[in-house]
Every structure is written in structure tokens, then in C-alpha cells.
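See structure below.
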Amino acid sequence: MPDTSPILSLPYLAPAQAQKHVTVNEALTRLDILACLTVRSLGAETPPASPQDGEVHALGPAPTGAWAGQPDMLAAFTGGAWLFLAPKPGWLAVEEATGALYVRGPGFWRAPPLGAAEIDRLGIGATADAGNPLTVRGPATLLTHDGAGHQLKVNKAGTTETASLLFQCAWSGRAEMGLAESDDWSIKVSADGSNWITALTFDAATGRAAGAAVQSAPDDAGPGKLMRADWGYGPGTLLGTVSESGGTPTGAAIETGNAATGSYTRLADGTQICRHAGFATASGAAATWTFPMAFSEPPAVTATPISAGAARLVTISNRSATAVDVSSFDASGSDAVSPSCDLVAIGRWF
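Take 1 as the starting number for the sequence shown in full-length UniProt numbering and just add one per residue.
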């Protein structure tokens with residue numbers, strides 16, 4: 001018959017043994033340590049300076065000091081000395097500081113497996129329920145890479161369902177982003193958890209933005225709103241073809257051009273300026289200047305004679321939205337002269 005038990009190595013009493021209490025006390029000491037095994041540390045290799053009676057450490061592979069030569073053993077401080085016990089596969093130990101459970105494997109301690117490939121719910125620091133089968137309570141949740149990138153996937157069953165991240169304050173929703181009842185990505189906000197404003201949406205087909213934070217029309221100048229590129233002016237829209245709809249500019253800010261009868265400048269506010277430099281008047285008759293771009297009504301026209309000799313006068317008449325007659329005279333009132341002149345017409349194109 002062996003001297004110790006096969007599992008806990010408890011010493012047996014021998015027949016007619018003297019001082020049986022010594023053997024019994026040794027067995028009780030081992031039972032006291034192993035029956036509800038709690039370890040102060042796992043993988044420890046340096047003994048504490050002032051160990052307390054009853055504390056147990058699961059040693060690492062290269063312990064030092066009073067633990068030297070006892071790799072992977074259980075070191076229990078009892079009776080003023082260290083007692084070393086060899087753990088066996090399948091033994092359970094609880095880490096004193098964290099309450100974590102460990103199981104002894106072949107030469108190492110590890111957390112026990114969950115025991116199933118799938119579980120219905122899991123609560124970490126909190127109680128999971130049917131509505132929240134995975135519940136985590138703590139100051140932070142870390143999802144990290146395994147050598148490359150990392151993706152967090154939120155999947156939904158169909159277009160009209162929701163796949164989103166909901167941010168709460170005291171269990172009341174304040175912001176939500178994701179695919180909310182459509183395949184367009186959106187950001188929603190709420191001041192009370194009941195009334196929600198869709199601040200931004202991005203069309204899944206076009207990528208274009210809309211929502212309360214974006215202009216709803218060219219004349220929507222609400223504070224804090226994002227301006228559509230085609231409704232504002234910048235390097236790409238400052239110069240080009242001007243246009244309007246109902247009095248609201250819909251094109252570029254400034255349009256310029258040239259024609260056989262002069263040059264023109266159109267502004268987005270409706271102002272139009274036409275100019276003809278060196279216009280040739282006619283002797284004994286009026287000459288007609290056809291504007292390079294038509295006005296919406298007869299414009300104001302000025303004429304400046306260009307003459308190196310005697311004084312000349314230039315007058316205008318028969319103004320219309322498309323042309324004006326120009327006549328020239330000398331100081332005596334004779335129209336038998338034909339000086340050149342510079343013409344400028346200012347009016348509106350809408």
C-alpha cells in the first residue's frame with residue numbers, strides 16, 4: 001500500500017504508527033491549502049519579503065530565492081516555512097486579486113474554456129439579457145488588430161432594418177449613426193431621446209450629402225449649414241455662365257465675353273455692362289450699335305468721342321434692349337463728320 005493518496009498526496013497512517021497526530025496534521029495542512037485553492041499570484045518567481053501565513057503562489061518556470069529549484073510548483077507559506085506542492089492537470093485555482101478562475105493544464109495554468117462553440121448570452125461585469133445578449137460593463141472596451149487591420153462589422157437582415165451605433169446618456173439616446181431603416185448612411189441627433197433630427201445622410205448610390213446640416217435650396221442660408229458646391233461661389237464657380245431662376249442666381253458669379261460688336265460683362269446680381277472701343281460713327285447719318293449681349297430693358301449708354309482735331313459731339317437715340325443709334329456732330333452742329341468713339345452701356349440682363 002502506498003504511503004500517500006494518489007490525487008492530493010495526503011499521507012496515510014501506517015499500522016501501529018507512533019505520533020499519528022503528526023501525519024494527520026500534515027494531511028490537514030495539505031487539505032487546507034488545496035480544498036479551496038486560492039493563489040496570491042500566477043507565474044511568480046520571486047518570493048515576497050514578508051509572506052503571510054496561508055498565502056499560496058503558483059510558481060513560474062525559474063523561481064529564485066527560497067523558491068529556487070521548485071519550478072511550476074505551488075508554494076504555500078505555512079508554519080513559518082514554504083511548503084511546495086505539485087499541481088496536477090485538472091486542478092482549479094482562483095486568483096485572489098481578480099477572482100479569475102484558472103485550470104491546470106499540462107505544465108501551465110489557463111482560463112477554463114467556455115465549454116461550447118456558441119452561447120446564448122455573455123455578461124462581462126454586468127448581466128446580459130435577451131435584448132442585449134452581449135453586455136460589457138467597464139471604463140473601456142478594446143478591439144485590437146492581429147498583425148494587420150481590424151474591422152467591426154454590424155450586419156442587418158434587410159434594407160428597412162437598422163444597423164447602427166447608438167450613443168446614450170443615462171440610457172436615453174442622444175446620437176445614432178449607421179444604416180437607419182435604409183441603406184443610406186446617416187447621423188441622427190436628439191436632445192431628449194424621443195425627437196430625432198437627421199443631421200446628415202449620404203446617398204448610397206451617389207455619395208451626395210443631405211440632411212438638416214446641409215442647404216436645402218440655393219437661398220437657404222441657415223447658420224451652421226454646409227453649403228452645396230453648386231450653390232456657392234468659389235474658384236470653380238466664380239467665372240462662367242451666369243444664370244438665374246426666379247431672381248436667384250443659379251450659375252457663375254461673373255460672365256465675360258466678346259462679339260463682333262464689342263465685349264460684355266454679366267454679374268450674378270443681374271447687372272450687365274457692354275463696351276465697344278473705337279466705334280465708327282457715320283457722316284450725315286446715325287450709326288447703330290448692336291449690343292454684344294441683349295439687355296432685359298434699354299440700358300444707360302454713354303459715348304466718348306475720340307478726336308485729335310476739332311471738338312466733336314456724339315449723341316445717342318432710339319435706345320432699345322438690343323441696340324442704340326449713335327450720331328456725331330462738330331461744334332457748328334454739322335453731322336458731316338464721322339469721329340470714332342468709345343461706347344459703354346450699363347443695365348440689367350434680368
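Backbone N, C-alpha and C fix where the C-beta goes; we use that ideal spot for every residue, glycine too.
Are there 16 or more other CB atoms within 10 angstroms of the CB of G347, so buried, or fewer, so exposed?
Locating residue 347 in the sequence shown gives position 347, counting from the first residue. Around the beta carbon of G347, 16 or more other beta carbons lie within 10 angstroms, which makes this residue buried.
Tell me whether K88 is buried or exposed, calling it buried when 16 or more other Cβ atoms sit within 10 Å of its Cβ.
On the sequence shown, position 88 is the one that residue 88 refers to. Exposed.
Quick one: is V154 buried, meaning 16 or more other Cβ sit within 10 Å of its Cβ, or exposed?
Translated into positions along the sequence shown, residue 154 becomes position 154. Burial call: exposed.
Exposure of T160, with buried meaning 16 or more beta-carbon neighbours within 10 Å:
Here the question's residue 160 lines up with position 160 in the sequence shown. With fewer than 16 other CB atoms across the displayed protein chains lying within 10 angstroms of its CB, T160 is exposed.
Opening and closing residue of the beta strand (DSSP E) in which R266 lies:
Locating residue 266 in the sequence shown gives position 266, where the first residue counts as 1. 262 to 267 is the span of the beta strand (DSSP E), which, as asked, contains R266.
Classify E55 as helix, strand or coil using the three-state DSSP reduction.
Working through the sequence shown from its first residue, we reach residue 55 at position 55. Taken through DSSP and simplified to helix, strand or coil, E55 comes out as coil.
Would you list the residues sitting across from S328 in a DSSP beta bridge?
Locating residue 328 in the sequence shown gives position 328, where the first residue counts as 1. Paired residues: V314.
Please name the residue, chosen from L101, F202, A148, V344, that lies closest to A41 on a Cα-to-Cα basis.
The count along the sequence shown starts at 1 and reaches residue 41 at position 41. Note that residue 41 corresponds to Ser in the displayed sequence, not to Ala. Among L101, F202, A148, V344, the Cα nearest to that of S41 belongs to L101.
Taking P305 as part of the beta strand (DSSP E), name the residues at either end of that continuous run.
Translated into positions along the sequence shown, residue 305 becomes position 305. Where P305 is concerned, the enclosing beta strand (DSSP E) stretches over 300 to 306.
Identify every run of the beta strand (DSSP E) within the region 192 to 246, keeping only runs that are complete inside it and at least 3 residues long; order them along the chain.
Taking only runs of at least 3 residues, the beta strand (DSSP E) segments lying wholly in the region 192 to 246 are 196 to 202.
Where I119 falls: helix, strand or coil (DSSP):
By one-based count along the sequence shown, residue 119 stands at place 119. Here DSSP, grouped into helix, strand and coil, assigns I119 to coil.
Contacts around D325, its chain only, beta-carbon distance under 6 Å, and the 5 residues preceding and following it disregarded:
As a first step, residue 325 is located in the sequence shown; it is residue number 325 there, counting from the start. Within the same chain, D325 has close Cβ partners A286, T288, S317, N318.
If you count every other CB in all the chains shown that lies within 10 Å of the CB of V136, and 16 or more means buried, which is it?
On the sequence shown, position 136 is the one that residue 136 refers to. Exposed, since its Cβ has fewer than 16 Cβ neighbours within 10 Å.
Pairwise C-alpha distance: A81 and S50:
Along the sequence shown, one-based indexing puts residue 50 at 50. Along the sequence shown, one-based indexing puts residue 81 at 81. Between the C-alpha atoms of S50 and A81 there is a straight-line separation of about 11 Å.
Can you tell me whether DSSP reads M1 as helix, strand or coil?
To locate residue 1, count along the sequence shown from 1; it is residue 1. Per-residue confidence for M1 stands at a pLDDT of 48, beneath the threshold of 50, marking its modelled position as unreliable; the derived number appears in the next sentence. DSSP places M1 outside both helix and strand once states are collapsed to three, so it counts as coil.
Hey, T64 and E45: beta-carbon distance below 7 Å or not?
Here residue 64 refers to the residue found at position 64 of the sequence shown. Here residue 45 refers to the residue found at position 45 of the sequence shown. Contact flag set, yes.
Helix, strand or coil at A66 according to DSSP, with G and I counted as helix
Taking the first residue of the sequence shown as 1, we reach residue 66 at position 66. Three-state DSSP puts A66 in a helix.
Determine which residues share a DSSP beta bridge with P249 and list them.
One-based indexing of the sequence shown puts residue 249 at position 249. According to DSSP, P249 bridges with E244.
Do you know offhand how far Q272's Cα is from A210's?
Locating residue 272 in the sequence shown gives position 272, counting from the first residue. Locating residue 210 in the sequence shown gives position 210, counting from the first residue. Whole-angstrom Cα-Cα distance: 35 Å.
Apart from the five residues just before and just after S320, which ones in its own chain have a Cβ nearer than 7 Å to its Cβ?
Numbered from its first residue, the sequence shown carries residue 320 at position 320. Counting only Cβ-Cβ distances below 7 Å, and skipping sequence neighbours, we find P298.
M1 versus L59 - alpha carbon distance:
On the sequence shown, position 1 is the one that residue 1 refers to. On the sequence shown, position 59 is the one that residue 59 refers to. Note that M1 scores a pLDDT of 48, beneath 50, so its modelled location is shaky; the value from the coordinates is reported in the next line. In a straight line, the C-alpha of M1 is about 31 Å away from that of L59.
Using the three-state DSSP reduction, which class does T29 fall into: helix, strand or coil?
Locating residue 29 in the sequence shown gives position 29, counting from the first residue. If DSSP states are grouped into helix, strand and coil, T29 belongs with the helices.
Tell me the DSSP bridge mates of Q168?
Counting from 1 along the sequence shown, the entry for residue 168 is found at position 168. Answer is G173, bridged to Q168.
Quick check on L34: does DSSP put it in helix, strand or coil?
Here residue 34 refers to the residue found at position 34 of the sequence shown. Taken through DSSP and simplified to helix, strand or coil, L34 comes out as helix.
Sufficient close CB pairs (3 or more, under 8 Å) joining the region 298 to 307 to the region 260 to 270:
Contact annotation: the region 298 to 307 does not touch the region 260 to 270, with fewer than three C-beta pairs closer than 8 Å.
Taking the alpha carbon of F329 as the reference point, which residue from M293, G284, W349, F291 has its own alpha carbon closest?
Counting from one through the sequence shown, the residue named residue 329 turns up at place 329. Looking at the Cα atoms, G284 is the closest of the given residues.
Same chain, Cβ closer than 8 Å to R104, five either side skipped, listed in chain order
In the sequence shown, residue 104 corresponds to position 104, counting from 1. The beta carbon of R104 sits closer than 8 Å to those of P87, K88, P89, G90, W91, L92, A93, all from its chain and outside the five residues before and after it, given in chain order.
Using the Cα positions of G107 and R121, report the straight-line distance between them to the nearest angstrom.
Residue numbering aside, residue 107 sits at position 107 when the sequence shown is read from its first letter. Residue numbering aside, residue 121 sits at position 121 when the sequence shown is read from its first letter. Spanning the two alpha carbons is a distance of roughly 32 Å.
For W196, tell me which candidate among T261, G69, A212 has the shortest Cα-Cα distance.
As a position in the sequence shown, residue 196 is number 196, starting the count at 1. Distances from the alpha-carbon of W196 to those of T261, G69, A212 put A212 closest.
Taking all protein chains shown into account, decide if E181 is buried (16 or more other Cβ within 10 angstroms of its Cβ) or exposed.
Here the question's residue 181 lines up with position 181 in the sequence shown. Classification for E181: exposed.
Which one of A191, G178, I33 has the shortest CA to CA distance from A170?
To locate residue 170, count along the sequence shown from 1; it is residue 170. Answer by Cα proximity: A191.
Terminal residues of the beta strand (DSSP E) in which F77 lies:
Within the sequence shown, residue 77 is the residue found at index 77, counting from 1. Residues 74 to 78.
For K188, report the span of its beta strand (DSSP E) as first-last.
Mapped onto the sequence shown, residue 188 falls at position 188. Element bounds for K188: 185 to 190.
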